[in-house]
Amino acid sequence: MKVEFVLRRISTYIKDNYGSKTGLINRYRYLVISQLGVFKSYRNIDTQAVKRLVFICSGNICRSPLAEAVATQRGILSTSYGLHCRGGDKADPRAIAFGRRKGISLEQHRTRNIKDYEARPGDLLIGMEPSHLKELKRILSRQIMITLSGLWLNKQTAYIHDPFNTNEIFFDFCETEVAEATENLIKQLRQGYETT
516 MKVEFVLRRI
526 STYIKDNYGS
536 KTGLINRYRY
546 LVISQLGVFK
556 SYRNIDTQAV
566 KRLVFICSGN
576 ICRSPLAEAV
586 ATQRGILSTS
596 YGLHCRGGDK
606 ADPRAIAFGR
616 RKGISLEQHR
626 TRNIKDYEAR
636 PGDLLIGMEP
646 SHLKELKRIL
656 SRQIMITLSG
666 LWLNKQTAYI
676 HDPFNTNEIF
686 FDFCETEVAE
696 ATENLIKQLR
706 QGYETT
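Quick note: this note's numbering has the sequence shown finishing at residue 711, numbered continuously throughout.
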C-alpha cells in the first residue's frame, strides 16, 4: 500500500513537472547537452536582419500558435507552422483558454503545415525542441536563420516539451515558457533595432 502511494506520488510529480517520463529524460538530456555549448550558436542571430518570426512546433496547435499570437500582439510580423500537421485545424482548446487568460486570442488560428512555408528574406525560424532543428535543416534547401525558443527563456533550455498529451498543470507550464521566451526574443530584437 505504501509503495503504491509513493509510486503514484512520483508519477503525479513527473506529470505535473515534466509532462511524462520522456519529458523528464529530454529536459535533463538537453540541459546537459546545452551545458556543453552545443546550442550556443543558435542564440547568435543577426537581430537587425530579422523581418519576420516563423514559429515551428510539431502540430501547430499548442506552442507555435501561442508564440505567433504573442508576437503579433506585440506588433511583430509573425506566422507559425507545424512539422506534422495536416493543416486547417483549430488550436488546442487549452491553448485557446490559456491565451484568453493572458489577453491573447487564438480563436482564429488554423494549423499550417511546414510544406506550405515560403521563405522570405529576414525570416527567423524558431523551433521548440532540438528535433525541430534537424527537421528544418533537412526540409530547407537554402540558408536561413534558425533558433530555439527555449534559448530565450530566463532559465535557458533547448527543449520546450510538447504539451499536447499532458495534464493541465504541465500544459500551462509549457505555454508559460513559450510566452516568456517569445517576449524575451522580442526584447532582444527591439534592442537590436534600436542600435541601428
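Every residue gets a Cβ at the ideal spot worked out from N, C-alpha and C, and that includes glycine.
Whole-Å CB distance - residue i paired with residue j, under 8 Å assumed
{"i": "Val569", "j": "Tyr596", "result": "7 Å"}
{"i": "Ala673", "j": "Ile548", "result": "7 Å"}
Buried or exposed by the 16-neighbour rule on C-beta atoms within 10 Å, applied to residue i
{"i": "Pro608", "result": "exposed"}
{"i": "Ile525", "result": "exposed"}
{"i": "Pro636", "result": "exposed"}
{"i": "Thr537", "result": "exposed"}
{"i": "Arg578", "result": "buried"}
{"i": "Ser664", "result": "buried"}
{"i": "Glu519", "result": "exposed"}
Sequence-distant residues of the same chain with beta carbon closer than 7 Å to residue i, five excluded per side
{"i": "Leu651", "result": "Ile571, Leu640, Gly642 and Ile661"}
{"i": "Asn575", "result": "Ser595, Tyr596, Gly597, Cys600, Thr626 and Arg627"}
{"i": "Gln588", "result": "Ile619"}
{"i": "Ala694", "result": "Leu581, Val585 and Lys617"}
{"i": "Ser573", "result": "Gly597, Leu598, His599 and Asp677"}
{"i": "Ile611", "result": "Leu621 and Glu622"}
Same chain, Cβ closer than 8 Å to residue i, neighbours up to 5 away in sequence not counted
{"i": "Tyr533", "result": "Leu539, Arg542, His676 and Phe685"}
{"i": "Thr711", "result": "With a pLDDT of only 44 at Thr711, under 50, the local geometry of the prediction cannot be trusted, and the value read off the model is given with reservation. Taken in chain order, the residues that qualify are Gln563."}
Own chain, CB closer than 6 Å to residue i, minus 5 neighbours either side, in chain order
{"i": "Gln706", "result": "none"}
{"i": "Glu644", "result": "Tyr674"}
{"i": "Tyr632", "result": "Tyr596"}
{"i": "Thr681", "result": "Gly534"}
Beta-bridge pairing of residue i - partner residues as DSSP gives them
{"i": "Cys572", "result": "Gly597"}
{"i": "Asp638", "result": "Arg567"}
{"i": "Thr464", "result": "Given a span of 516 to 711 for the chain in the structure shown, any question on residue 464 remains unanswerable."}
{"i": "Lys605", "result": "Arg625"}
C-beta neighbour in chain B for residue i, strict 8 Å
{"i": "Thr562", "result": "Looking for chain B here will not work: only one protein chain is present."}
Quiz item: Is the stretch 597-604 in contact with the stretch 613-623, if contact means three or more CB pairs nearer than 8 Å?
Solution: no
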